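Notes to accompany the following structure.
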Amino acid sequence: MPPTSYKRYPQQVRACILRAAEKAKDWKTVAALHDRGSSEKKIQVVHVAYLLSELAATPELTLVQMTELVEQTFDVRINRETVRRAMDAHRFTLKKLHRDVVNRNSDSNKGWSRRGHRAGQTSVASKGKNIHVIAVISSTGVTYQESQFDSFTSELANEFIRRFLRHIHVFEEPESAGTEMLKLGPYSPMLNPIENVLSVYKSVVKRFLARQRPAILRVPEGTTITEHRAGFLELAANPLFAEVVTPELCNRAFCHSLPHHQRALRFEDMQVGA
């Protein structure tokens, strides 16, 4: 008769089962839970089901956004590779996104769908007006900020500068009398710290609007598409701006631009957008 081979469990598993038996607990259940001798998976069936439901409404979600959704909803931290493997196990792949719209048919983005099926996204034919976020920052944070719909003309820009100067009481300072405002070139991002700040802010706004797309498409009765969408734009323009543009971010942007200012003072050439 051939010798019987027994599966050997790690010491920590055996100790856990013995502790359960000593405390008169159901040690058999504990043993069954450790049958594989591995730790519990972080991403559970309920997490995957939640992500699949989100992808059904918003197929263009990225792996980073899906990890953030799981963390915010279930308070569980997972990495992008874990999400990718879970999507692959359910035969979901990333492919060109087909947009079903009235006035446009552009396959420029990508979205998730089950293997063999096209990734489709429903969007409105008219998005309505955009909102302009205008701000002034210093190395210690946001100094002044406004947001408005419609076009931001040169006349409105001049009025914004006047309101900003009144806000910081420049006209009450004797040394500011007769001060001349100098303008940068048409595009000098390396000399203007707010360029990097707004780049970070715009990335957050894109993720925010992508997550809110299902809610944006559900227009309540008695409300126009433009009015409904404007509410989400105002959320992105005001509360979200204050949350993203922190004193720490502004200070980092200023520190990044200082070497470029030194080169400008020495009349040295520099790469645009460095």
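Quick note: the sequence shown uses this note's numbering, first residue 13, plus one each step.
Glycine is no exception: its CB is placed at the ideal position from the N, C-alpha and C atoms.
These numbers come from a predicted model, not from an experiment.
Got a sec? Which residues, its chain only, sit under 7 Å from E248 by beta carbon, not counting five neighbours each side?
The sequence given here places Ala at residue 248; Glu does not occur at that position. Cβ within range, chain order: V217, F220 and L221.
Going by DSSP, what residue range makes up the beta strand (DSSP E) through I143?
I143 to S150
Can you grab the Cα-Cα spacing for the pair L67 / M193, in whole Å?
In a straight line, the C-alpha of L67 is about 50 Å away from that of M193.
Quick check: the stretch 204 to 214 against the stretch 91 to 106, are there 3 or more CB pairs under 8 Å?
No, the stretch 204 to 214 is not in contact with the stretch 91 to 106.
Please go through the same chain and pick out, in chain order, the residues whose beta-carbon is closer than 6 Å to the beta-carbon of E158, but skip the five residues on each side of it.
Leaving aside the five residues that flank E158 on each side, the residues in its chain whose CB is nearer than 6 Å to its CB run, in chain order, I146.
The alpha helix (DSSP H) spanning S166 covers which residue range?
S166 to H179
Are the stretch 165 to 177 and the stretch 262 to 271 touching by the rule of at least three beta carbon pairs closer than 8 Å?
no
Assuming F143 and A98 are in contact, meaning their beta carbons sit under 8 Å apart, how far apart are those beta carbons, in whole angstroms?
It is worth fixing the name first, because residue 143 is Ile in this sequence and not Phe. At roughly 36 Å, the Cβ-Cβ gap does not stay under 8 Å, so I143 and A98 are not in contact.
Hey, how far is the Cα of I237 from the Cα of F183?
43 Å
Among Y62, T94, A69 and F253, which one has its Cα closest to the Cα of T85?
Closest option to T85, Cα to Cα, is Y62.
By a C-beta neighbour count over all protein chains shown, 10 Å radius and 16 as the cutoff for buried, is S125 buried or exposed?
buried
If distances are taken between C-alpha atoms only, which option among R278, F253 and A276 comes closest to V148?
Among R278, F253 and A276, the Cα nearest to that of V148 belongs to F253.
Tell me where the beta strand (DSSP E) around G190 begins and ends.
Careful: G190 lies outside any beta strand (DSSP E) and carries neither H nor E.
Please report how far the alpha carbon of S151 lies from the alpha carbon of V88, in whole angstroms.
35 Å
How close, in whole Å, do the beta carbons of A101 and L203 come, if the pair is a contact with beta carbons under 8 Å?
Contact between A101 and L203 fails: their C-beta atoms lie close to 50 Å from each other, not under 8 Å.
If you count every other CB in all the chains shown that lies within 10 Å of the CB of R175, and 16 or more means buried, which is it?
exposed
List the residues that DSSP assigns as beta-bridge partners of Q224.
Bridge partners of Q224: none, in fact.
Taking C-alpha atoms, which residue in A27, M78 and V82 lies nearest to G123?
M78
R223 and T70 - do their beta-carbons sit closer together than 8 Å?
yes
Count the other C-beta atoms from every protein chain shown that fall within 10 angstroms of the C-beta of H59, then say buried if there are 16 or more, exposed otherwise.
H59 comes out buried.
Run through DSSP, which three-state label would S65 get?
The answer is helix: DSSP assigns S65 an H, G or I state.
Which residues does DSSP pair with S159 in a beta bridge?
V145
With a cut-off of 8 Å on the beta carbons, I'd call C262 and P205 a contact; round off their distance for me.
7 Å
Please classify L245: is it buried, with 16 or more other beta-carbons within 10 angstroms of its beta-carbon, or exposed?
buried
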